[in-house]
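J.: Mind looking over this structure? Questions follow.
Residue numbers (our numbering), protein chains in the order written: chain A, 1 to 319; chain B, 1001 to 1453.
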């Protein structure tokens, strides 16, 4: 039985919560200032140099830097859940993808699938083969979730299982998802996937505590999607795909700091300037979704387009 | 001509009561029919258990075609359920007389299909065990929450629209069903709500029916409009349409109208009620269906030809798939066989007779089912960004045996509800038919008393 609060107690509670709110607000403010202090150097993203071997999703042995390993279950689940829903105060995560540098190495895909317990045909980030109606040679286009500022997917979710955080990320809580797949229908970027059957290595992940920022363990009958590796961002590290790229395709950073760091070269540049100098664009701007992922057109290509021995784009997309 | 004939045949009250309660008392085809339906459902239940165990992977749905036969069937079921509102509410309120013997049949169809529509949504869920999350964490901006709200409201009002006109029939049942099992008599006792045949009670029931008939109109429009919004509120080519609401509603009336024609045929033959559901009624219902189909054709022209004239790049992918591509055979079969040819045929009086009506009705219902399929699946196969690096099965869709079994379970389930209602209660309002034959309330009360003694 719950005891009823007297009005005085209620008032006290209100005051405390207000105080807490102020405290949190101040912390958030301080966080922003501190964040601005360490502008984009992203020292925390540095690799330790020690590498270890791990089993990849396709059974191959992969070499991964030690700093990429994360102990799972470091925080209690309830805390992971509440923090995971709120986001990281003062941040506005942003990704820039340089199409001129992608040669379809698919290291980003492998790292992502490995980290998020995905099967080979399940993509949080997929590398697509695109062209511009024959105007240029075809090119490779990595396509993660666009983390839209006006996300069509979160609007339609009946249970708030997928949500937009204050730091710009769109996450999915697979402990709440009812599997209606309305978000999949609503997403114009086809960024969402579904666990139609048991996820990969379901036995191995059985006792792992759920982290909403990693969306692992994956669960049968729920939706999954790219999370910008929110669990790594919390540790001031860059997403799995960004650091896995051998060709410098990905830039990642914080819009508030106006700085993005290249995942391969670790070079940090002015975000707005990078966009302006390279005529950056977003996907399907006419839909008004306001993506947080920007693309730099495929100029000064590092590699010529070649896929399955062909330099032409074969249409798979039949009508 | 037929109207005059219909009016001439005065029926006595005892004949009406006998005719309408006979199928309830004994009907030898009933048990095998129920067993047949239960067998279909058993197969579906087995398929559903496997689906729960192994996940939705047993369906042909994958990451791109993430909604399939279940959602298409859901629209079809909601559509069929809508006819209850059109016939008993709209036509009833404007005082159309010929609907008296078929209004309750329409209402039975509405209840059966609306209830199973709600269940199909659950079959489609990846995590049906979390259904309570909709109430625990429900968000008002999600069309699914609107849909659940209006579907449950529609089922509730439809049940009331079924039960209220049933009350004055209960005294007939109580008096003539003495030899029936106890549980049946118990049900009749409860549902009589103490009805004694007073003029005041008739007035009250008529007023209640009127209120429910008015209430159900906005609710019914809402269920199918919200169902269309599940699609129209997304940014997908082929769904992103402003006329989806009325397009769905008018399509629904076509489906339901054809379903009523089929039910009229079956009931009038199987229950030997040809004197009540006459050629005149088939003719009227056929005319109504032509009107409904013409309105739906008008919306089809708007929905397909307006974008086809402009042929925006993305629309072109979608429409050429329908008009000349992969879906062309199904599309033209549905549009011609399920809509245009039935319109032309039913313009002729001969084609509105019972047997042609039945055949056309079946064609229209099957066409309507595959029309929902064509609304749901092709759009998902044409996303804005190409489908690549996935197994070939991701870029095609044809339902698996599991999906067909579960869908057939829903169809059998809806028919089972209709069957059980037809076995428990008369399929036409005895009292309203008696009133139309000029029999007064006093005569009815007298009749009930006599039988009692």
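Ideal placement from N, C-alpha and C gives every residue a C-beta, glycine not left out. Just so we're clear, the structure is a prediction, and the values are computed from it rather than from any experiment.
(1) Could you name the residues of chain B that residue 194(A) contacts, counting a contact when the two beta carbons are closer than 9 Å?
(2) Would you please verify whether the beta carbon of residue 176(A) is less than 9 Å from any beta carbon of chain B?
(3) If you draw a straight line from the C-alpha of residue 1092(B) to the C-alpha of residue 1164(B), how long is it?
(4) Please specify which runs of the alpha helix (DSSP H), each continuous and at least 4 residues long, are wholly inside the region 1019-1064 of chain B, giving them in chain order.
(5) Could you tell me which whole beta strand (DSSP E) segments of length 3 or greater appear in the region 229-313 of chain A?
(6) For residue 304(A), which option in 102(A), 84(A), 88(A) has the closest C-alpha, if you only look at C-alpha atoms?
(7) Nearest to residue 1312(B) by CA position, among 1237(B), 1343(B), 1149(B), 1346(B), is which residue?
(8) By how many angstroms is the C-alpha of residue 201(A) removed from the C-alpha of residue 1089(B)?
(9) Where residue 228(A) and residue 262(A) are concerned, what is the direct C-alpha to C-alpha distance, given to the nearest angstrom?
(10) Tell me whether residue 129(A) sits in a helix, a strand or coil according to DSSP, three-state version.
(11) Can you pull out the residues from the region 1211-1243 of chain B whose beta carbon lies closer than 9 Å to at least one beta carbon of chain A?
(12) Nearest CA to the CA of residue 164(A): which residue from 128(A), 312(A), 292(A)?
(13) Between which two residues does the beta strand (DSSP E) containing residue 1236(B) stretch?
(14) Quick one: which chain B residues come within Cβ less than 7 Å of residue 172(A)?
(15) Establish whether the CB of residue 128(A) and some CB of chain B are separated by less than 9 Å.
(16) Which complete alpha helix (DSSP H) runs does the region 1303-1359 of chain B hold, if anything under 4 residues is left out?
(17) Using a Cβ-Cβ distance under 9 Å, would residue 1429(B) count as near chain A?
(18) Are residue 1084(B) and residue 1220(B) closer than 9 Å when you measure CB to CB?
(19) Determine contact between the region 219-233 of chain A and the region 191-207 of chain A, defined as no fewer than three beta-carbon pairs at a distance below 8 Å.
(20) Does the beta carbon of residue 211(A) sit closer than 9 Å to a beta carbon anywhere in chain B?
(21) Using a Cβ-Cβ cut-off of 9 Å, state whether residue 190(A) counts as contacting chain B.
(22) Okay, do the region 1239-1255 of chain B and the region 1366-1376 of chain B touch, 3+ Cβ pairs below 8 Å being the bar?
(23) Suppose contacts are defined by Cβ-Cβ distances below 9 Å. Is residue 178(A) in contact with residue 1139(B) by that definition?
(24) With respect to the beta strand (DSSP E) encompassing residue 141(A), which residues constitute its N-terminal and C-terminal limits?
(25) Whole angstroms is fine: what's the gap from residue 1422(B)'s alpha carbon to residue 1280(B)'s?
(26) Span of the beta strand (DSSP E) holding residue 1158(B)?
(27) With the cut-off set at 9 Å, would you say residue 214(A) and residue 87(A) are in Cβ contact?
(28) Let me know if residue 1376(B) comes out buried or exposed under the rule of 16 or more other beta-carbons within 10 Å of its beta-carbon.
(29) Between the region 1371-1397 of chain B and chain A, which residues of the former have CB atoms less than 8 Å from a CB of the latter, in chain order?
(30) Under the three-state reduction of DSSP, which class applies to residue 212(A): helix, strand or coil?
(31) Of the choices 1393(B), 1257(B), 1067(B), 1056(B), whose alpha-carbon is the least far from that of residue 1106(B)?
(32) What number of angstroms, rounded off, separates the C-alpha of residue 1379(B) from the C-alpha of residue 1318(B)?
(33) By Cβ distance below 8 Å, which residues in the same chain neighbour residue 138(A) in space, the five residues on each side in sequence not counted?
(34) Looking at the structure shown, is residue 1241(B) part of a helix, part of a strand, or coil, going by DSSP?
(35) Since residue 93(A) is in the beta strand (DSSP E), which residue starts that stretch and which ends it?
(36) What's the C-alpha gap between residue 1285(B) and residue 1047(B)?
T.: From the atom records:
(1) 1056, 1061, 1062, 1063, 1066, 1126
(2) yes
(3) Taking the straight line joining both Cα atoms gives about 14 Å.
(4) 1030-1054
(5) 250-254, 259-262, 268-270, 293-296
(6) 102(A)
(7) 1237(B)
(8) Rounded to the nearest angstrom, the gap between the Cα atoms of residue 1089(B) and residue 201(A) is 56 Å.
(9) 15 Å
(10) strand
(11) Those residues of the region 1211-1243 of chain B that come within reach of chain A (Cβ to Cβ, closer than 9 Å) are 1230, 1231, 1233, 1234, 1235, 1236, 1239.
(12) The residue with the shortest Cα to Cα distance from residue 164(A) is 292(A).
(13) Annotation: residue 1236(B) is outside any beta strand (DSSP E) and is labelled neither H nor E by DSSP.
(14) Here the premise fails: no neighbours, minimum Cβ distance about 12 Å.
(15) yes
(16) 1306-1310, 1313-1323, 1328-1332, 1341-1346
(17) It does not; no Cβ of chain A falls within 9 Å.
(18) The answer is yes: Cβ separation under 9 Å.
(19) yes
(20) no
(21) yes
(22) yes
(23) no
(24) 139-143
(25) As the crow flies, the alpha-carbon of residue 1422(B) is around 23 Å from that of residue 1280(B).
(26) Not the beta strand (DSSP E): residue 1158(B) falls in the alpha helix (DSSP H), residues 1143-1163.
(27) no
(28) Counting other Cβ atoms within 10 Å of its Cβ, residue 1376(B) reaches 16 or more and is therefore classed as buried.
(29) 1380, 1382, 1383, 1384, 1385, 1386, 1387, 1388, 1389, 1390, 1391, 1394, 1395
(30) coil
(31) 1257(B)
(32) 7 Å
(33) Correct list, in chain order: 129, 130, 131, 305, 307, 311, 312, 313.
(34) coil
(35) 93-98
(36) 38 Å
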